[in-house]
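Here my numbering = 1-based position in the sequence shown + 15. Read through the structure below, which is laid out as structure tokens, and then see the notes.
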Amino acid sequence: MSSGPERGQVRSSPVLDELDRLRRHAEDRLAEHGLRLVQSRLAQESGVSVKTISDWFNRKHTPRNFDGLLEVAGVLARWAGVQAPKPRHWSALMAAEQGAEAKAGAAVLPHAGQLPGPVRESGPGADAEPVGPGGSVAGRPVHEFVDPYSLEVHRAIEVDPVAGSDRLPLLPAYVERTHDARLREGIRSAADGISSFLVLVGESSSGKTRACWEAIQALPPGWRLWHPLAPDRPESLLRGLSEVAPRTVVWLNETQHYLLTPADAVGERVAAGLRGLLADPNRAPVLVLGTMWPEYWASLTDSPTSGVPDRHPQARALLSGTVVPVPGTFTGPTLRALRDLADADPRLARAVAEADQGQITQYLAGAPSLRDRYRVAPPPARALIDTAMDARRLGHDRALPHALLETAAPGYLTDGQWDTLGEDWLEQALAYTASPCHGARGPLTRIRPRPGDPYPAQPHYVLADYLEQEGRTSRRAVGPPAQLWHALVEHASGGHVDIARSAQLRGFKRLAVRAFAVAGARGDALALLQAAKVLRDSGRNDEAIGWYQRAAEAGDAFALRQTTALLREAGRTDEAIGWYQQAAETGDAEALQQTLDLLREAGRGADAAAWLHRRAGAGDIAAMRRIAYERHTAGDTQDALHWYRQAAEAGDIDAMRRAAALLRQDGAVDEALAWFRRAADTGDTDAVVQTVSLLRGTERTEEALAWLRDRAGTGDGFAFDERIRLLCDTGRVDEALESLRERAEAGHESALLRAVGLLRDTGPDDAAITRLERWYAEGFDRARRPLVDLLVECGRTDRALDVLRDSAAEGDPSARRRTADLLLDAGRADEAIDVLRGWAAGDDLASLWQAASLLEEVGRTREALDCYQNAAAAGRASALLQAGDLLRRAGRFEEALRWYERADEAGQQDASEEIIELLRGAGRFEEAVDRLGAWAEAGDVDAWSRAASLLNEEGRTEEALLWYDRAAAAGDMGALWQAAFLLQDLGRTHEALQWYERAAKAGETSALGQGATLLYEAGRVDEALQWYERAGAAGDTEALWQAAYALHAAGDLDRAVLWYRRAAEQGDVDALWQAAHLMREAGQHDEVIGWLRERAADGAEFVLSLVGDLLRESGRPQEALATYRRVAETGDTFALRWAAELSQEAGRTEEALEWYERAAEAGDTGALRQGSELLQRAGRTDEALAWYYRAAEAGTVFALHSAVELLRAAGRPESADRLERYGWEPGGAVAEPWEAGPPGAP
């Protein structure tokens, strides 16, 4: 026995049924060949995402993307070896499904014989504006967004347009990369009704926002876009989130601005809100698109540090599985595609010619100009840019205040530079940094508030994205001047917590605590906790307690626990009790219990009891409830009742229930009822049940009903349900039914369903029908559907038809469909046809279409044809195909042919194929071929190949080849391939090669490689190599790789290397590594080194690192060092480390340190740690300490800890203790002892 569909599955779907049939056929046929159906392969061939296909196969939802459905069905049919169903077949099935899901009267699926009309382009109500839960709607239609810059797509560089053109397009031409395929999947899933969140993660100006812009252009009509931006991004999103309607794109460019907020709680609220939106089925589908830099992604998704509160649990959960990596460069095919487009757009031409290492998008966004402007900047302007770079990487918000720049920038200037500056140095420097670069925004520009936005007390500036990321890389190991740190603490606008964390990471403990204090003074309790942790980790527990206490005073329970834990560790139990008592006085029930536990553990039970009674006497509800609980446990019910009454009087709901329960036990019914009712008034549903139970138990049912009625009248749905239950339990079903009807008329559909169930459960069906008929006659229209269902179930179909008649006559589509279905189910097809034709006479095309299908089913072909004719005349040209199908099934081929010809003339895409199939089926094969020839002569190039395929299927190979020849002559290059494949399958290798030769001469250079592969598989290796040679000469580097791979697989390694080298010399990087690997494995070190050096001289400098490794393996360290030096000049800092390691192995410590120094200057912070360890091993403690400081200054984790351990190992415990307790100061000096009082401390 079938278990039926699982929960959440679509139970009945003609579309899914048909798709399942195709899938099973495909699985069976693949199994015959030892294969299985792989959904990822199906996704690849159809272009529909794996998730969507999986959802269809598992009946999670029905297809909504018609084009995607056709693609999947086509692939399945091909794998199954059957003809794919026609688009109109799927259209009819989708129409049937659409009708079955109509809002009213759609209880029965269409009859198997009926053929519904084609589905509309969008579903019911598609033209209606979507509305959010709040009544309004967020965003605007996507098609209204015509300016990509309004969505923060980077402006491209400005160049002169090509000759003959007045202006260039707004954006350069777009070339898709791997991340675009993932975006397309998201768009398709959204079109299929599935909500999703995608975040493009990549470096600055790598094309993230442009990719999102291109992706949304493929959204179907009816979609909206919402870009929450003002007054600030997170606030705008939180305000408008409830107004997001189905089919909305939520555009979160620079997603970190929404999730990494100065106040962590705001970002977490945003994340929680977005999670709720994505999980809400009533608002699906929504598509949330975001962009982010990698470092922000890491900050939000990394696991929290042990012992530190988790700052981003909601954001981490939200971002899980959403990442779409965006590469920073264009390579291989994408770079070639760009070159093909460059002639039409001088911006692309310049980018292709001048961009470094494929960094096309960065170049287009003005990155090289920004970089050049920065590098040649006058000292004051460069100081401003360096200040901005360092401030951003150390945690300051995007908007940099004027005072911060003015105060910190002088620290980047030498004394001589500072002394020679003019009075207006700052204005001149800001003017330099604000000047645009080829139309792109300057390096550092002022943020101008929009009209209506709050105006800041001082100007704020923003650093160009590209330079910000450049600073995070190039200045990673650079220590900013002390002036910047002090300016950040004194002048930062928000973001002090992030600045404090940066200082903490670098061992600047005094500055970290100071910055945390600023944040704490502004109300950030988490900052107080983090300052306390800095002090606690430094062994300064007494001071940490003060910070924990201040956070505890702000209501932080974690801080309270930390405070009392530290106090207890220090043996200060009385103080710990005092803190718990203080917290208990604020209403903290847990603190109250902890106080009692500590007092009792200390043997002070009497003090605990006295304090508890004092708290209760002061109105502490938790204390009252605790005394009541303890007295009740001790068996003193009266005293317990006294305290429960006290707590209940103070408003405690739990105490109300407990007091009522005790009173009930004591027989004080009225007082118990009073407390239960008071609890119920707070929304406590258990109290409602208890009240009703107590009233019924005391034979006061009427009072219970009246009380429930009054509560239901205030909108209490639970009370309404309880009243219905009570009415039924006491046999007053009529009253229950009338109450349910009233509620149903007010719009509660569940009340109607409950009424019908009650009718059937409490009496005969006739009585239920009578009641529903009366309700319907009295104007309760919602009763129609259950009335019809019940009449049909009782065999009273005529009466059901009478009920539907008026609504159907008035044009109600659901009533019409239900009427036709009932007549069909009753075997009254003639009547069904008559009513359908009657409605069709009133311009109801759906009824006309259905009538035609039924007429055909009962054999009234002529009348069916009339219906199809009328439908065609009304604009449904596909009706001509339906008529042709009808006649074809009836064996009336000539008539069918005429209808198909009319459909072809009307532009129906399937018509020509139907004509050919009809002629073939009628044994008129020659006529079919002649038709294709005529169409081909008239300009249908594809007809030549179609004719050739027909002839091939009939085994008339030679004739097929002649037609393929004609197709090729007409410009169909695919015909050359088809002919070659045909001959190859027949084993006619020589002739197949001739066709491949023709294809190659026609410009299909890959045909030479295919021919070569054919020869190789035939064992004709030398001939194959000749073809591969020709293919390579024609520019097909893939052929060179194929030749090498074939030789490699055959074990002919020497010749494989030669071919790999040739492919590498044509630019194939994979072939280069393969050749080098084989030569290395063969011990040909000198030869491979020489060859790789040649490749490097030709521009492939990336191979030099391998050259260095080979030289090192060959015992040539000096040459290896020289090579690593060259590698380092290309930007590969790891080569500097390798050089350092070589120097260490040779015992040359100073030389190794020089290499580590260079690596550090190039941004490799790990080199500082390695240099420190080298000096430590050499016993050079002070120098190692200085290197550890530099590593800490660069943000290396545990650098300060390593420095402390170094001092201890060197026998300098006092210095180690001081460094551990007080940290470093900017500049490298160990900090002098400093006080760490919390904000507001005396």
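The beta carbon of each residue, even a glycine, is placed where N, CA and C say it ideally should be.
A distance below 7 Å between beta-carbons, with the five flanking residues on each side excluded, links Arg529 to the following residues of its chain, in chain order: Val504. Asp987 is not a Cβ neighbour of Asp945, given a cutoff of 9 Å. For His506, no pairing in a beta bridge is given by DSSP.
In this structure, the alpha-carbon of Asp980 lies about 22 Å from that of Glu928. Tyr1237 and Gln1089 have their C-alpha atoms some 55 Å from each other. For His475, the enclosing beta strand (DSSP E) begins and ends at His475 to Leu478. A direct Cα-to-Cα measurement between Arg786 and Ala830 gives close to 21 Å. Proximity to Ala518 across Ser450, Arg555 and Ala406 peaks at Ala406, based on C-alpha coordinates. Per DSSP, reduced to three states, the secondary structure at Phe735 is helical.
Within 10 angstroms of the beta-carbon of Gln232 lie fewer than 16 other beta-carbons, which makes it exposed. With a cut-off of 8 Å on Cβ pairs, the segment 192–207 is not in contact with the segment 400–416, counting fewer than three such pairs.
Cα atoms of Val477 and Pro451: separation of roughly 13 Å, rounded to the nearest angstrom. Counting only residues of its own chain and dropping the five nearest sequence neighbours on each side, Thr337 has a CB closer than 7 Å to the CB of Phe212, Leu213 and Val214. Assigned with DSSP and collapsed to three states, Trp266 falls in strand. Where Gly305 is concerned, the enclosing beta strand (DSSP E) starts and stops at Val301 to Met307.
Bridge pairing for Phe212: Val303 [DSSP]. In this chain, the beta strand (DSSP E) harbouring Val339 covers Val338 to Pro340. Counted as a single uninterrupted DSSP element, the alpha helix (DSSP H) harbouring Trp228 occupies residues Lys223 to Ile231.
Following the DSSP letters along the chain, one finds Trp1239 in no alpha helix (DSSP H), marked with neither H nor E. Rounded to whole angstroms, Pro394 and Leu428 show a C-alpha spacing of 7 Å. Between the alpha carbons of Thr376 and Glu33 lies a gap of roughly 46 Å. Leaving aside the five residues that flank Thr876 on each side, the residues in its chain whose CB is nearer than 7 Å to its CB run, in chain order, Leu901 and Ala905.
In the three-state DSSP reduction, Arg284 falls in the helix class (H, G or I). If you compare the alpha carbons of Gly89, Arg74 and Thr67 with that of Ala41, the shortest gap goes to Gly89. The C-alpha of Ile209 lies about 11 Å from the C-alpha of Asp295.
Boundaries for Arg875: no beta strand (DSSP E) harbours it, and the DSSP string shows neither H nor E there. For the segment 1024–1061, the full-length alpha helix (DSSP H) segments reaching 4 residues or more read 1036–1048 along the chain. Under the three-pair Cβ rule at 8 Å, the segment 1177–1184 counts as touching the segment 1204–1212. In the DSSP assignment, Thr376 falls within the unbroken alpha helix (DSSP H) covering Ile375 to Leu379. Between the alpha carbons of Arg461 and Ser489 lies a distance of about 24 Å. For the options Gly853, Glu910, Trp854 and Leu851, the alpha carbon positioned closest to that of Leu880 is the one of Glu910. It is roughly 41 Å from the alpha-carbon of Trp241 to the alpha-carbon of Arg726.
Exclusion of the five residues before and after Val873 leaves Ala844 as the residues of its chain whose Cβ lies within less than 6 Å of its Cβ.
By the Cβ-count criterion, Tyr481 is buried, with 16 or more other Cβ atoms from all chains shown falling within 10 Å of its own Cβ.
When secondary structure is reduced to three states using DSSP, Cys452 falls in the strand class. Residue environment for Val190: buried (at least 16 other C-beta atoms within 10 angstroms of its C-beta).
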